[in-house]
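Each residue of the sequence shown is one higher than the last, beginning at 1 in full-length UniProt numbering.
Note that CB positions come from ideal geometry on N, CA and C, so glycine has one too.
Note that the coordinates shown come from a computational prediction; the quantities given were computed from them, not determined experimentally.
To start, the structure under review is shown below, and the notes come after it.
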Amino acid sequence: MRQELPRFLSDWFSTDSRADSRLLFNLRNMPSDVREHAMEVRANTAHEDIAMCFTAQAWDKGSVILRRISKTLPEFTTKIRTEPKPDSWQLLTFIGAIYEREGNFEKALDSFLGALHQLENLRYLIPNPDSRRRAYSSLHTAELFCGLTRTSLAMSLQNTKQSPREWRLPATTWRDQALIFMEQGRARSLLEILQAQKSSSTESIQEWMDQSYRARVLSTLVQSRCDPQDEADVTKRAAKVAKELGIPDNSFDPVEEALKGWHDTTAQVFKSTMFLPDTRGLLGSIPSGSAVIEVAICMSGIMVMCISSEGIQSVHQSSLGVYQLRRLVVAYLGKMQTLLKDPVGDKAAQLAASLSDISAILSAQLIKPFTATIRKSNAVIFVPTSYLNVFPLSALILDGEPLILKKPVYQIPSLNVLRHLSHTASNIPRATGASVLADCGTGRKQLHYVGPEVVSICNSLRVLPTEKRRFLSSLNSSEIIHISSHGSENYSSPWESTVLGDEFRVVDMAKIGTRASLVAFSCCLSGKGQISSGDDLVGFSHAVLQSGSLAFIGGLWKVDDATTMLLMHLFYKQLAAQRNDTKGGGTCLAVAWHRAVRELYRLDSRSAGTIHDELEEMWKATRGKTTRPEGDFTNLKYMMDLLRSKIDSGKLDFTLPCYWAPFSLVGY
1 MRQELPRFLS
11 DWFSTDSRAD
21 SRLLFNLRNM
31 PSDVREHAME
41 VRANTAHEDI
51 AMCFTAQAWD
61 KGSVILRRIS
71 KTLPEFTTKI
81 RTEPKPDSWQ
91 LLTFIGAIYE
101 REGNFEKALD
111 SFLGALHQLE
121 NLRYLIPNPD
131 SRRRAYSSLH
141 TAELFCGLTR
151 TSLAMSLQNT
161 KQSPREWRLP
171 ATTWRDQALI
181 FMEQGRARSL
191 LEILQAQKSS
201 STESIQEWMD
211 QSYRARVLST
221 LVQSRCDPQD
231 EADVTKRAAK
241 VAKELGIPDN
251 SFDPVEEALK
261 GWHDTTAQVF
271 KSTMFLPDTR
281 GLLGSIPSGS
291 AVIEVAICMS
301 GIMVMCISSE
311 GIQSVHQSSL
321 GVYQLRRLVV
331 AYLGKMQTLL
341 KDPVGDKAAQ
351 LAASLSDISA
361 ILSAQLIKPF
371 TATIRKSNAV
381 IFVPTSYLNV
391 FPLSALILDG
401 EPLILKKPVY
411 QIPSLNVLRH
421 LSHTASNIPR
431 ATGASVLADC
441 GTGRKQLHYV
451 GPEVVSICNS
461 LRVLPTEKRR
471 FLSSLNSSEI
481 IHISSHGSEN
491 YSSPWESTVL
501 GDEFRVVDMA
511 KIGTRASLVA
521 FSCCLSGKGQ
531 ISSGDDLVGF
541 SHAVLQSGSL
551 AFIGGLWKVD
561 DATTMLLMHL
571 FYKQLAAQRN
581 DTKGGGTCLA
591 VAWHRAVREL
601 YRLDSRSAGT
611 IHDELEEMWK
621 ATRGKTTRPE
631 GDFTNLKYMM
641 DLLRSKIDSG
651 KLDFTLPCYW
661 APFSLVGY
């Protein structure tokens, strides 16, 4: 790209010139309207040249062009600030990046802060979080917040006497300010929903949820109408949506309905939400003894902070960019699915080695620089970014072993979200019941093992399986919500991704209010979602946290239902043991999950066979009783015998990550 750059740059700024273009045009007696048009054309060309240098990462050329622009168009940078356009913040971001690379950190910070001010003003004018999320879904937002973070870290290493306060920034040190900037760019829409729930009335929040549900359903329907491949299906869906929204089918126009505005009272709910930088509050939300690994990434590189409740411990930066990260994660998930299809085939060992290699590459960025701190920690909390949101972070490597074997591991969307979740846990009473639902499906895709899985969970929690028809009504009164079923991912419309067949969507979860400590979807792909540059995921994980729940467990790929049954059996046994331990320190989901995964990883034929037999006996004991979940489990005995045969023959290698790493734990 850099080699091709001269072909794309204009001639106006390719040579040095001392002449101010406006003075030059005046000397030529150019008519005022022609002069202003010519100035506008040159300003647009300057914008394009700066953007091209940024895209090509041609920093030296960018510095030269900026100097020439300042001579020929001295009003250029001033007008970007005083007469901003919708994309002016992007241009200021490009300029800041160029100044940063030439080591002019004060000018870089000034440009980045100008961009931030414009972007926050634009965000404030948008009344609802979904639209705000889309506003932050530009690649350039990641560049802006990475630039602000990098520049603050660079300022911390300079012998500058200026403190952040002299720049009207909230932190007392530049390292703390770097953390604030990193936090300011992530999961803002989720954070604003949590803020609104805390400060607004229940009626206002419910009204917003209803309107938001309506808008999301309509937008996905309108989007599907743009694809003419299946007109009959779209017509059928339109009729279903009209019925859901209570609109007569014969007068239903999705586009017209989608264009209707939000109620003023609903729009005001999010007018008062704002990002409040509070380093002390952020650090205070981190559990004592835990190590937080917070990550930011853009085109030019990755930044990783290791943070404890006492502050930032260390920082790592490298040139691993977002596109390299994407290739690594996509390759990992692809190889994982291939391995899962044939875990005992000739290529299984090669695939497992490839997965380990990718984990090692990412561990060199996320774990190795902080090894000493992580070794001393009680737990590792990741604040991931970009494609790391769909990578099994528990599979990263510490001292030659998967991290999850050594430490409890979980992730959170941001430290600000963690602070809100910890406040909720301390101040809002949780529900007391449990909803545990099995949906085995029908036909060739039937999930036989969800039956014993749910029986085991109910046995640990001392509850009866939930009937499907009563599931939705039971959510608000449940402390633990568990669904074992099929899951599907809708790539084109993530709000339509589902569990329970096609009956329960992301958009439905976001509409519900819960008081759960844990929502677990033992389903394929339930932990994935659409990723934005602002790290606001459209998927079940953020929808669950938005609903009022504290934590979520979901699948990152198409999981193996037999080993998932074993894993969930072990997890809920650990959870029940914690709940029943009167001398213990209370329930810790991350510790229970860590112990369950570690136990699964270390299973051999004998210990796995013992668990199999225990599950089989539990299932037999439910015959003819209400303790057996709904569904057709006619072929379960055959499937359990088949599983026992695999265990006895050693065909199940529980050390393969496709078995122990498919689920992520998100939340508090």
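Query, Result
"Classification of residue 161 by the beta-carbon crowding that lies within 10 angstroms, buried from 16 upward", "exposed"
"Of the listed residues 147, 171, 481, nearest to residue 282 (C-alpha basis)", "171"
"Assigned secondary structure, residue 294 (DSSP; H/G/I helix, E/B strand, else coil)", "strand"
"Extent of the continuous beta strand (DSSP E) run through residue 434", "433-438"
"Cα-Cα separation, residue 595 to residue 182", "32 Å"
"Euclidean distance between Cα positions of residue 228 and residue 187", "Low per-residue confidence applies at residue 228: pLDDT is 47, beneath 50, and the placement is therefore not dependable enough to give any value."
"Supposed close pair residue 557, residue 333 - CB separation, criterion 8 Å", "6 Å"
"Residue burial classification, residue 428 (beta-carbon count within 10 angstroms, cutoff 16)", "exposed"
"Within 9 Å, strictly: CB atoms of residue 622 and residue 417", "no"
"Burial state of residue 733, where buried means 16 or more other Cβ atoms lie within 10 Å", "Summary: the structure shown does not reach residue 733, with the chain confined to residues 1 through 668, and so no result is reported for it."
"In DSSP terms, what residue 565 is bridged to", "None; residue 565 has no bridge partner."
"Same chain only: Cβ atoms within 6 Å of residue 440, ignoring 5 sequence neighbours per side", "446, 447, 450, 631"
"Range covered by the beta strand (DSSP E) that runs through residue 458", "Per DSSP, residue 458 belongs to no beta strand (DSSP E); it is in the alpha helix (DSSP H), 450-461."
"For residue 228, the three-state DSSP class (helix, strand or coil)", "The pLDDT assigned to residue 228 is 47, lower than 50, so where the model puts this residue is not dependable; a value taken from the coordinates is nonetheless given after this. Helix."
"Buried/exposed call for residue 279, threshold 16 Cβ in 10 Å", "buried"
"Span separating the alpha-carbon of residue 398 from that of residue 372", "10 Å"
"Assigned secondary structure, residue 57 (DSSP; H/G/I helix, E/B strand, else coil)", "coil"
"4-residue-minimum alpha helix (DSSP H) runs that sit fully inside the segment 303-364, ordered along the chain", "322-341"
"Outcome for residue 37 when other beta-carbon atoms lying within 10 angstroms are tallied against a minimum of 16", "exposed"
"Cα-Cα separation between residue 362 and residue 578, rounded to whole angstroms", "33 Å"
"Own chain partners of residue 402 with C-beta closer than 7 Å, once the 5 adjacent residues on each side are dropped", "394, 395"
"Status (buried if at least 16 other CB within 10 Å, exposed otherwise) for residue 289", "exposed"
"Cβ contact (3+ pairs, closer than 8 Å) linking the segment 634-646 and the segment 523-533", "no"
"Residue 13, buried or exposed, once every other Cβ within 10 Å from all chains shown has been counted against 16", "buried"
"Spatial distance of residue 566 from residue 611 (CA atoms)", "7 Å"
"Chain-order list of residues whose beta-carbon lies under 6 Å from that of residue 500 (same chain, five-residue window excluded)", "439, 485"
"Alpha carbon of residue 482 to alpha carbon of residue 463, nearest angstrom", "12 Å"
"Backbone secondary structure at residue 530 - three-state DSSP", "strand"
"Cβ separation of residue 666 and residue 551, assumed to be a contact under 8 Å, to the nearest whole Å", "7 Å"
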